[in-house]
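Just so we're aligned, residue 2 is where the sequence shown starts under the numbering used here, counting upward by one.
Every residue gets a Cβ at the ideal spot worked out from N, C-alpha and C, and that includes glycine.
Keep in mind that this is a model prediction, so the values were computed, not measured.
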Amino acid sequence: MKRNKHMIVKGQIKDRGQIKWTAMMLTEHVQLLRELKKEDRYNDKPILDDFDLETIHEEIHLAYMRQCEIELCLWQNENRKMTGRISAINPNKKTLCLLQADQGKIIPFADIIGAKTLE
Numbered sequence: 002m003k004r005n006k007h008m009i010v011k012g013q014i015k016d017r018g019q020i021k022w023t024a025m026m027l028t029e030h031v032q033l034l035r036e037l038k039k040e041d042r043y044n045d046k047p048i049l050d051d052f053d054l055e056t057i058h059e060e061i062h063l064a065y066m067r068q069c070e071i072e073l074c075l076w077q078n079e080n081r082k083m084t085g086r087i088s089a090i091n092p093n094k095k096t097l098c099l100l101q102a103d104q105g106k107i108i109p110f111a112d113i114i115g116a117k118t119l120e
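Take a look at the structure:
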């Protein structure tokens, strides 16, 4: 028997996990199970209230005025963290420029879900 990523071998016993049950399932059930697994991996973007937005604004403003390091929590289909110095804020385009190792990265305000100054 060929081994695959689902097979677990314990001595002489070769367990194929859930693969052995898919032959007895209807195709609709298999499709539904795949959709459920896909939904489990996806997290919704957190909804920020006015207090959270004000706190983020204060941290960004403080880091920009002091030119100190800031850690931004971003949401781009997943939670990510970026660290750097804010070199410019563009209120018209609603973006800021974050310098990381002499490379500028433009970040939209809508993607920021958290901020913390590091110095």
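Given residue i as reference, the closest of the options once Cα atoms are compared
| i | options | result |
| --- | --- | --- |
| Cys69 | Leu75, Val31 and Gln101 | Gln101 |
| Leu121 | Glu60, Asp103 and Arg35 | Nothing in the structure corresponds to residue 121, since the chain is present only between 2 and 120. |
| Lys94 | Arg81, Ala111 and Ser88 | Ala111 |
| Asp41 | Glu79, Ser88 and Ile90 | Glu79 |
| Pro92 | Pro109, Asp103, Trp76 and Gly105 | Pro109 |
| Lys117 | Gln13, His62, Thr28 and Leu33 | His62 |
Where the beta strand (DSSP E) containing residue i begins and where it ends
| i | result |
| --- | --- |
| Leu99 | Thr96 to Gln101 |
| Ala111 | Where Ala111 is concerned, there is no enclosing beta strand (DSSP E), given that its DSSP letter is neither H nor E. |
Within 8 Å, strictly: CB atoms of residue i and residue j
| i | j | result |
| --- | --- | --- |
| Met83 | Leu73 | yes |
| Trp76 | Lys46 | yes |
Neighbourhood of residue i by C-beta, 8 Å cutoff - its chain only, sequence neighbours within 5 removed
| i | result |
| --- | --- |
| Arg86 | Ala64, Gln68, Cys69, Glu70, Ile71, Leu99 and Leu100 |
| Asn44 | Glu79 and Asn80 |
Other residues of its chain near residue i: CB distance less than 7 Å, five sequence neighbours each side excluded
| i | result |
| --- | --- |
| Leu49 | Ile114 |
| Ile90 | Tyr65 and Leu97 |
| Ile107 | Thr96 and Cys98 |
Chain B within 8 Å of residue i, Cβ atoms only
| i | result |
| --- | --- |
| Ile114 | Although the question refers to chain B, the structure presented lacks it and comprises just one protein chain. |
Review point. Taking only runs of the beta strand (DSSP E) that begin and end inside the segment 31–87, which ones reach a length of at least 3 residues, in chain order?
Key: 70–76
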